[in-house]
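Residue numbers (the numbering used here), protein chains in the order written: chain A, 1 to 558; chain B, 1 to 558. Below you'll find the structure, written out as structure tokens, and then a few comments.
There are 2 protein chains.
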Amino acid sequence: MAYKTDIEIAREAKKKPIQEIGARLGIPETELLPFGHDKAKVSAEFIAAQKDRPDGKLILVTAINPTPAGEGKTTTTVGLGDGLNAIGKNAAICIREASLGPCFGMKGGAAGGGLAQVVPMEDMNLHFTGDFHAITSAHNLLSAMIDNHIYWGNELGIDQRRIVWRRVMDMNDRALREIVTSLGGVANGFPGQGGFDITVASEVMAILCLATDIRDLQERLGRIIVAYTREREPVSARDLKADGAMTVLLAQAMQPNLVQTLENNPAFVHGGPFANIAHGCNSVIATKTALKLADYVVTEAGFGADLGAEKFMDIKCRMADLAPDAVVIVATVRAMKMNGGVKKEDLGAENVAAVHKGCENLGRHIANIRSFGVPAVVAINHFVTDTEAEIDEVMAYVDRQGSEAIVCRHWAEGSAGIADLSRRVAQLADSGMAQFAPLYPDEMSLFHKIETIAKRIYRADEVLADKRIRDQLHAWENAGYGHLPVCMAKTQYSFSTDPNLRGAPTGHSVPVREVRLSAGAGFVVVICGEIMTMPGLPRVPSAEQIRFNDAGQIEGLF
Amino acid sequence: MAYKTDIEIAREAKKKPIQEIGARLGIPETELLPFGHDKAKVSAEFIAAQKDRPDGKLILVTAINPTPAGEGKTTTTVGLGDGLNAIGKNAAICIREASLGPCFGMKGGAAGGGLAQVVPMEDMNLHFTGDFHAITSAHNLLSAMIDNHIYWGNELGIDQRRIVWRRVMDMNDRALREIVTSLGGVANGFPGQGGFDITVASEVMAILCLATDIRDLQERLGRIIVAYTREREPVSARDLKADGAMTVLLAQAMQPNLVQTLENNPAFVHGGPFANIAHGCNSVIATKTALKLADYVVTEAGFGADLGAEKFMDIKCRMADLAPDAVVIVATVRAMKMNGGVKKEDLGAENVAAVHKGCENLGRHIANIRSFGVPAVVAINHFVTDTEAEIDEVMAYVDRQGSEAIVCRHWAEGSAGIADLSRRVAQLADSGMAQFAPLYPDEMSLFHKIETIAKRIYRADEVLADKRIRDQLHAWENAGYGHLPVCMAKTQYSFSTDPNLRGAPTGHSVPVREVRLSAGAGFVVVICGEIMTMPGLPRVPSAEQIRFNDAGQIEGLF
Chain A
1 MAYKTDIEIA REAKKKPIQE IGARLGIPET ELLPFGHDKA KVSAEFIAAQ
51 KDRPDGKLIL VTAINPTPAG EGKTTTTVGL GDGLNAIGKN AAICIREASL
101 GPCFGMKGGA AGGGLAQVVP MEDMNLHFTG DFHAITSAHN LLSAMIDNHI
151 YWGNELGIDQ RRIVWRRVMD MNDRALREIV TSLGGVANGF PGQGGFDITV
201 ASEVMAILCL ATDIRDLQER LGRIIVAYTR EREPVSARDL KADGAMTVLL
251 AQAMQPNLVQ TLENNPAFVH GGPFANIAHG CNSVIATKTA LKLADYVVTE
301 AGFGADLGAE KFMDIKCRMA DLAPDAVVIV ATVRAMKMNG GVKKEDLGAE
351 NVAAVHKGCE NLGRHIANIR SFGVPAVVAI NHFVTDTEAE IDEVMAYVDR
401 QGSEAIVCRH WAEGSAGIAD LSRRVAQLAD SGMAQFAPLY PDEMSLFHKI
451 ETIAKRIYRA DEVLADKRIR DQLHAWENAG YGHLPVCMAK TQYSFSTDPN
501 LRGAPTGHSV PVREVRLSAG AGFVVVICGE IMTMPGLPRV PSAEQIRFND
551 AGQIEGLF
Chain B
1 MAYKTDIEIA REAKKKPIQE IGARLGIPET ELLPFGHDKA KVSAEFIAAQ
51 KDRPDGKLIL VTAINPTPAG EGKTTTTVGL GDGLNAIGKN AAICIREASL
101 GPCFGMKGGA AGGGLAQVVP MEDMNLHFTG DFHAITSAHN LLSAMIDNHI
151 YWGNELGIDQ RRIVWRRVMD MNDRALREIV TSLGGVANGF PGQGGFDITV
201 ASEVMAILCL ATDIRDLQER LGRIIVAYTR EREPVSARDL KADGAMTVLL
251 AQAMQPNLVQ TLENNPAFVH GGPFANIAHG CNSVIATKTA LKLADYVVTE
301 AGFGADLGAE KFMDIKCRMA DLAPDAVVIV ATVRAMKMNG GVKKEDLGAE
351 NVAAVHKGCE NLGRHIANIR SFGVPAVVAI NHFVTDTEAE IDEVMAYVDR
401 QGSEAIVCRH WAEGSAGIAD LSRRVAQLAD SGMAQFAPLY PDEMSLFHKI
451 ETIAKRIYRA DEVLADKRIR DQLHAWENAG YGHLPVCMAK TQYSFSTDPN
501 LRGAPTGHSV PVREVRLSAG AGFVVVICGE IMTMPGLPRV PSAEQIRFND
551 AGQIEGLF
């Protein structure tokens, strides 16, 4: 049986005018800001007017630790949204926007796959509605205003050695990671060190995704700490009077984007912060808007549940006063096998023992989700190579954990392949079982918060942090930042900080290399291990293959 | 009498849905790609289908040498478009898009003024339809692919010292003019010199504005020379296999944008190349599309007629096989006075003698335009401070030149104030008088082309260029680039290369400091004097004032 590629399926999509999709959610045409015929932003005025409506049920899709085999988290999010609609529910999905830069390296977009995709896929992998470009502009305006302030006399007394605000670009460009700026003489300013991160790593991105409205957006932008004085006093974006102009640049980007699935169900695609140095979830405003307009909202979080779900719960839900009603943990037999030690080239062969071993990883995620007080169900995202014995092994394992697993075939069959999961998720969400609470209270000290996550989620024995780091955390507590949640930046491939330690490791330590204050986003970033914030292009970048073919179709983007 | 500000007028605009504006030009709704309710792109398919329709008349609006007093070229372009429609003609205007970066420095946008404006003004000064962001992305993808090629082995043998492709950003950021890249060790590449220009200075911008369709776009992008080998052989974007992906990034941006004037007449706003190192005109595709859909198309060129009109004729019209039917030269009494030696603070006082002296500048532009074989009329853009005696002086002067001047009050009165000029321009355009020919033939040597412009347009005695520059021009001729037009980059404030030499200087020399090959755009840039390709922010950037007010309106953008 020959399967079509994702892009072939996406090209054949029978899209409806975006106004029809909006109408399904009760959004009048005048309140939709169209971008072409298949994308639209929902007006801020319309969103504000919905504030007294009741909220729908919130369903989080998360996953086991990712492996090169792929687990299909976005595909399952999209499939579940379609599945809920297919069983007669009014459901919407909320996912993140794709970053443009990596599409020209090796990564395709994040719009799902098979028969569970969001369209228009090509637009979503290119400029989409321009949100990331707006974030780039707002970020770099602030960068320019810092250097310009120093150039014209430095009234605020910025210590040029203590500028902590870099620049951003939505491109994989390793040459810009570490640069020296302002060479060439007096007219070009004071030479200094600098560098670029990729746009999704910008604190402006995290802020846009956590702000509840335009006023909150400006407040948060104003709080960004860009530098310190010689006396180590923070200098903020507000001190530089940059917050107003940044807000103006971001106003359109703050309005959530509406598109559709292959089955013409509504999908909000908005925001896309890094899942390591930021919280990795789509925007609060998209999620809240969807909850006002749909009875069920299916959303996802970045990476595996140890990073993505934890941050979804402890950062996004905490700040936005959201509470998930059910969680779906996505697993695949192939990813189980890899977690169980099988190499990628051997994934084709049946290996029940490896599946069994890999299930430990899944088991721990199930237990972790329970600790947030939310009912969970496992979705086994079916691959054609899966054998019955392997699937039975996962089912039996999950059953022994007192949980349940359901096989889903949405990739090959669309909503028809995910009806069982859809029914069960609706039931769980409606049951009122969820007693959501974040993992730690605001009042806990910053270091204790880190320890709590490391011990209760990662199951580490200890957190290693030298005096410099502990002192920094204390200093921020004294400066009034102690109530913030922490945002862990570690490898997504393991519960530990060692990417090769798959499965369910114990007895490990979590070394904290660096801590950073994202005062605007409202969290303290805790960096454990190497975190790359500006990717490079591979030896043969996919850009070399991307082109229009003779039929005018884009080739090579996926 | 209290006048409203431009932004106040723009906010009160009674905009029609963009589909209605498109319908006026015969564009069906399905062929308009909407961006909100008041902006749209015209589909490439629709444009291609119009190719056998007859063309309307092409009217160029140009101006005397600009002064700080302002001459109102865009305002007059917009006013004339409204004026032609008001006298019953089917007219469209074509102008350039505004660059985002400078709006946060000190410059407002380029959407006209008073009652002769294009709306939505705020969008046009911010992200608009994302064209400039797409250009930035395409340009920087190519930059990243150059360094990436070297990083992975440098198969093409690029000499890192001879990389001629910089990076771009749509932001005024002097710190990025001259930088050192790839610091930080092996993983970040080979340290080297680099820098950023502002996006409008990108060759990609010039290419987008000269390409006739998407195929021509890719051809031109492929021809961009990014570096040379040690053996001085050029390395192109096609050699790096970057042209396909760049084209994909630019495909949407290639479709011209349709908006409207305050009087609801159609306006194409598309492309915005620098008017010094590039040709300074809106896109060929917008102009050609407008000519297919309207009977009269009013367009403008950058700076004064010595730079803008010359490049419009010798670069844009030559390449795109366009021929203007009439030219309007915009002048103001105030700018005449400044050209006559009056300081800005003294502009309020009547000074007929200074007007008389300043008229020399106008007179030379009139004669120059004649040398292209196109009939010209002078538009005196009326200011409230102008006295009758001053206006009479200009009228009499123009009359002595065998030309005619018409006073226009479109800024204060809209189309009603520009009826006389509109009637006269329509008459000239319909007369068949125009016998357009560019200033020099393709076959002329590059240096001779420079001399021809310097002597016949600038009225210089000689061109100064050392052996290195002459050798470079010969080398390009030998390499097959001798047929290209030249693109002069000099100060816009004078016919000469000295910005302080106002009026109509003679006896001067034109020193050529540098020549650059824009092989993709298809011209040789001739740099005479200091040309700034990355502006800085002023001491108090307008970004500090830009914000939303309590009514949700943007303040400080204009």
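The beta-carbon is built from N, C-alpha and C at its ideal position, and this holds for glycine as well.
Environment of residue i [buried if 16+ CB atoms lie within 10 Å]
i, result
"Q117/A", "buried"
"A422/B", "Position check: residue 422/B holds Ser in this sequence, whereas Ala was assumed. So S422/B ends up on the buried side."
"M1/B", "Its pLDDT being 46, under 50, M1/B is placed unreliably by the model, and the measurement read from it follows with that caveat. Flag for M1/B reads exposed."
"S431/B", "exposed"
"E12/A", "exposed"
"G552/A", "exposed"
"M121/B", "buried"
"H139/B", "buried"
"H378/A", "First, the residue type needs correcting, since residue 378/A is Val and not His in the sequence shown. Buried, because 16 or more other Cβ atoms sit within 10 Å of the Cβ of V378/A."
"K344/B", "exposed"
"V384/B", "exposed"
"Y151/B", "buried"
"G88/B", "exposed"
Range of the contiguous beta strand (DSSP E) that encloses residue i
i, result
"C117/A", "It is worth fixing the name first, because residue 117/A is Gln in this sequence and not Cys. Segment 116 to 119, the beta strand (DSSP E) holding Q117/A."
"N148/A", "It is not in any beta strand (DSSP E) - N148/A instead sits in the alpha helix (DSSP H) that spans 131 to 151."
"P234/B", "234 to 236"
"Y228/B", "225 to 229"
"T387/A", "Where T387/A is concerned, there is no enclosing beta strand (DSSP E), given that its DSSP letter is neither H nor E."
"T92/B", "Note that residue 92/B is Ala in the sequence shown, not Thr. Counting along the chain, the beta strand (DSSP E) containing A92/B begins and ends at 91 to 95."
"L258/B", "257 to 261"
Opposing strand residues paired with residue i [DSSP bridges]
i, result
"V61/B", "E300/B, V328/B"
"P441/A", "None, per the DSSP bridge assignment."
"A405/A", "V378/A"
"R167/A", "F196/A"
"S509/B", "E462/B"
"T181/A", "G192/A"
"I554/A", "F548/A"
For residue j and residue i, the rounded distance between their alpha carbons
i, j, result
"V525/A", "R53/A", "35 Å"
"T181/B", "I158/A", "24 Å"
"K490/A", "L210/A", "21 Å"
"A354/B", "E393/B", "10 Å"
"A559/A", "H410/B", "Beyond the ends of chain A as shown, which are 1 and 558, falls residue 559/A; an answer cannot be given."
"H365/A", "L446/A", "24 Å"
"P234/A", "A519/A", "11 Å"
"A294/B", "G72/B", "24 Å"
"R539/B", "M488/B", "31 Å"
"N265/B", "G81/B", "8 Å"
"A465/B", "I531/B", "17 Å"
"L291/A", "V248/A", "27 Å"
"L115/A", "E544/A", "28 Å"
"E555/B", "L347/A", "60 Å"
"L156/A", "G280/A", "34 Å"
"I198/B", "L250/B", "17 Å"
"G271/B", "P28/A", "33 Å"
Range covered by the alpha helix (DSSP H) that runs through residue i
i, result
"M22/A", "The displayed chain sequence assigns Gly, not Met, to residue 22/A. Looking at the DSSP string, the run of the alpha helix (DSSP H) that includes G22/A is 18 to 24."
"M246/A", "243 to 250"
"V333/A", "333 to 339"
If the cut-off is 9 Å on Cβ atoms, which residues from the stretch 223 to 246 of chain B count as contacting chain A, listed in chain order? L240, K241, A242, D243, G244, A245, M246
When Cβ atoms are compared, which residues of the stretch 160 to 188 of chain B fall closer than 9 Å to chain A? R167, M169, D170, M171, N172, D173, R174, A175, L176, R177, E178, I179, V180, T181, S182, L183, G184, G185, A187, N188
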